[in-house]
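For the record, the sequence lines run as chains A and B. Per full-length UniProt numbering, the first sequence starts with residue 1, numbered consecutively. Per full-length UniProt numbering, the second sequence starts with residue 1, numbered consecutively. Have a look at the structure below, then the notes.
There are 2 protein chains.
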Amino acid sequence: MLDSETKAVETPEDHAEELRLWLRLLTCTTLIEGEVRGRLRQRFDVTLPRFDLMAQLDKAPDGMTLSDVSKRMMVSNGNVTGLVERLVESGHLDRRTSETDRRVQVIRLTKLGRAEFRRMAAEHETWIADLFADLSPKDVRELMRLLAKTKASAQKSAARRRP
Amino acid sequence: MLDSETKAVETPEDHAEELRLWLRLLTCTTLIEGEVRGRLRQRFDVTLPRFDLMAQLDKAPDGMTLSDVSKRMMVSNGNVTGLVERLVESGHLDRRTSETDRRVQVIRLTKLGRAEFRRMAAEHETWIADLFADLSPKDVRELMRLLAKTKASAQKSAARRRP
DNA sequence: CCGAATTGTTTTAAGCCTAAAATGTTTTCC
DNA sequence: GGAAAACATTTTAGGCTTAAAACAATTCGG
Chain A
1 MLDSETKAVE TPEDHAEELR LWLRLLTCTT LIEGEVRGRL RQRFDVTLPR
51 FDLMAQLDKA PDGMTLSDVS KRMMVSNGNV TGLVERLVES GHLDRRTSET
101 DRRVQVIRLT KLGRAEFRRM AAEHETWIAD LFADLSPKDV RELMRLLAKT
151 KASAQKSAAR RRP
Chain B
1 MLDSETKAVE TPEDHAEELR LWLRLLTCTT LIEGEVRGRL RQRFDVTLPR
51 FDLMAQLDKA PDGMTLSDVS KRMMVSNGNV TGLVERLVES GHLDRRTSET
101 DRRVQVIRLT KLGRAEFRRM AAEHETWIAD LFADLSPKDV RELMRLLAKT
151 KASAQKSAAR RRP
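Dropping the structure here:
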């Protein structure tokens with residue numbers, strides 16, 4: 001007891017396991033993300049960020065503000081500005097200034113945007129299912145639980161640094 | 001039995017759980033990655049891709065070829081070219097053409113590069129530990145196991161598409 | 001009411017990233 | 001030996017991404 005405490009204080013802590021876990025988490029995400037990116041490009045000639053943005057809007061029939069999107073997608077504001085610009089240009093998004101607050105831009109999927117997204121999303125879902133095919137329902141539940149815990153832990157840590 | 005089979009064939013399969021799992025995985029990675037990126041920038045004024053590349057090289061005292069790096073980091077060849085260019089420029093990397101195969105470029109950390117990386121890596125490890133702090137050792141083991149299974153599943157799925 | 005802080009968005013500058021084509025080198029195999 | 005295939009890297013063109021600064025509109029507190 002005294003020994004282990006002494007040791008913990010005197011020697012630098014060993015966090016190799018957590019480091020390995022992080023690298024494995026990153027590998028999984030990169031692998032799946034790359035696969036999805038490639039399939040979206042080949043099948044639908046669309047980029048992953050565009051798809052992701054449309055996915056957010058599909059869940060919000062009344063539209064979202066740019067900051068909403070930025071927070072949900074966890075990307076910078078400026079990033080959203082450019083992404084939206086291109087999607088409005090291609091006719092997938094409708095963008096208007098809020099009537100009540102002239103700072104705010106509200107964006108929505110157009111009819112075309114929604115139709116195209118739904119078509120892509122249906123296929124996208126089967127890709128994801130296939131990528132996770134070797135996980136049992138129990139594995140999936142367990143991963144969900146552990147990742148929820150991970151997310152909470154990371155958010156807490158981030159909040160500690162930037163309160 | 002017949003019922004469930006009939007149902008499976010006639011109605012589109014439901015993969016909502018896998019989709020949620022994928023989104024949660026992505027959220028965790030994005031969250032942690034963003035946190036690490038910010039800390040690297042603030043503490044050491046270095047970008048995450050530069051750090052990642054140096055991490056690969058630190059594990060390979062005899063150097064690596066650009067393709068090795070590209071495969072390990074799971075990024076495109078052209079990406080590595082640019083990244084290496086900047087790191088050679090800043091004196092962190094040494095780059096030379098292989099004596100036995102003039103197609104190949106071998107890169108290594110310079111003395112400066114290694115020293116700076118070690119300094120950053122030590123602190124980096126504590127950040128990761130902190131981000132995963134609320135996970136018990138058992139959680140970590142279990143996550144490692146499930147992510148290994150996930151990685152294998154995704155690789156298999158990717159190989160099915162692109163054999 | 002009015003100046004100060006806050007909020008929402010855009011701009012800027014730099015770097016990251018990809019896919020595909022191009023270039024140069026080595027290996028394969030007839 | 002020499003053409004063809006394979007390999008390693010670079011180039012190209014375009015898009016994504018960030019952090020920080022700038023701009024615009026609203027809200028807050030005295």
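A virtual CB, placed ideally from N, CA and C, is assigned to each residue, including glycine.
Shown in chain order are the members of the segment 28-40 of chain B whose Cβ falls below 9 Å from a Cβ of chain A: 28, 29, 30, 31, 32, 33, 34, 35, 36, 38, 39. Straight-line spacing of the CA atoms in residue 93 of chain A and residue 145 of chain A works out to 35 Å. Within 8 Å of the CB of residue 140 of chain A, the CB atoms of chain B belong to 17, 18, 21, in sequence order along the chain.
For residue 149 of chain A, the chain B residues whose C-beta falls within less than 7 Å of its own C-beta are 134, 135, 139, listed in chain order.
Any Cβ of chain A closer than 8 Å to the Cβ of residue 118 of chain B would place that residue at the interface, and such an atom is absent.
Judged by their CB atoms, residue 34 of chain B and residue 74 of chain A are nearer to each other than the 8 Å cut-off. Annotation: the continuous beta strand (DSSP E) that includes residue 109 of chain A extends over 105-109.
Residue 48 of chain A is positioned such that its CB atom lies no closer than 8 Å to that of residue 57 of chain A. Neighbours of residue 54 of chain B across chain A, judged by C-beta separation under 8 Å, do not exist; the nearest C-beta is about 15 Å away. DSSP, reduced to helix, strand and coil, places residue 64 of chain A within a strand of the structure shown.
Assignment of residue 135 of chain A by DSSP, reduced to helix, strand and coil, places it in the coil class.
The C-alpha of residue 65 of chain A lies about 29 Å from the C-alpha of residue 38 of chain A. A straight-line Cα-Cα distance of about 46 Å links residue 51 of chain A and residue 99 of chain B.
Excluding five sequence positions before and after residue 110 of chain A, the CB atoms of its chain that fall closer than 8 Å to its own CB belong to 91, 92, 93, 94, given in chain order. Under a criterion of Cβ atoms nearer than 9 Å, the residues of chain A adjacent to residue 144 of chain B are, in order, 17, 20, 21, 24. A straight-line Cα-Cα distance of about 15 Å links residue 87 of chain A and residue 44 of chain A.
By the CB criterion at 8 Å, residue 112 of chain A and residue 83 of chain A fall outside the cutoff.
Looking at the backbone, the Cα of residue 55 of chain B and that of residue 61 of chain A are separated by about 44 Å. Inclusion of residue 132 of chain A and residue 153 of chain B in the CB contact set at 8 Å is warranted, their separation being smaller than that value. Residues of chain B with a Cβ closer than 7 Å to the Cβ of residue 67 of chain A do not exist, since the nearest Cβ in that chain sits about 17 Å away. Per DSSP, the continuous beta strand (DSSP E) segment holding residue 94 of chain A begins and ends at 93-97. Taking all protein chains shown into account, residue 101 of chain B has fewer than 16 neighbouring C-beta atoms within 10 Å of its C-beta and is therefore exposed. Taking C-alpha positions only, residue 19 of chain B is separated from residue 124 of chain A by approximately 9 Å.
Across the structure, residue 138 of chain A and residue 155 of chain B are spaced so that their CA atoms are roughly 20 Å apart. With respect to the 8 Å criterion, residue 128 of chain B and residue 63 of chain B are not classified as neighbours on the basis of their beta carbons.
Check the Cα spacing between residue 160 of chain B and each of A:21, A:141, A:130, A:142: the tightest is with A:130.
The beta-carbon of residue 89 of chain A is placed no less than 8 Å from the nearest beta-carbon of chain B.
With contacts defined as CB atoms closer than 8 Å, residue 46 of chain A and residue 17 of chain B fail to qualify as a contacting pair. In the assembly as shown, residue 67 of chain A is an exposed residue. Its beta-carbon has fewer than 16 other beta-carbons within 10 Å.
With at least 16 other beta carbons inside 10 angstroms of its own, residue 157 of chain B counts as buried. Boundaries cannot be given for residue 163 of chain B, as no alpha helix (DSSP H) includes it and DSSP labels it neither H nor E.
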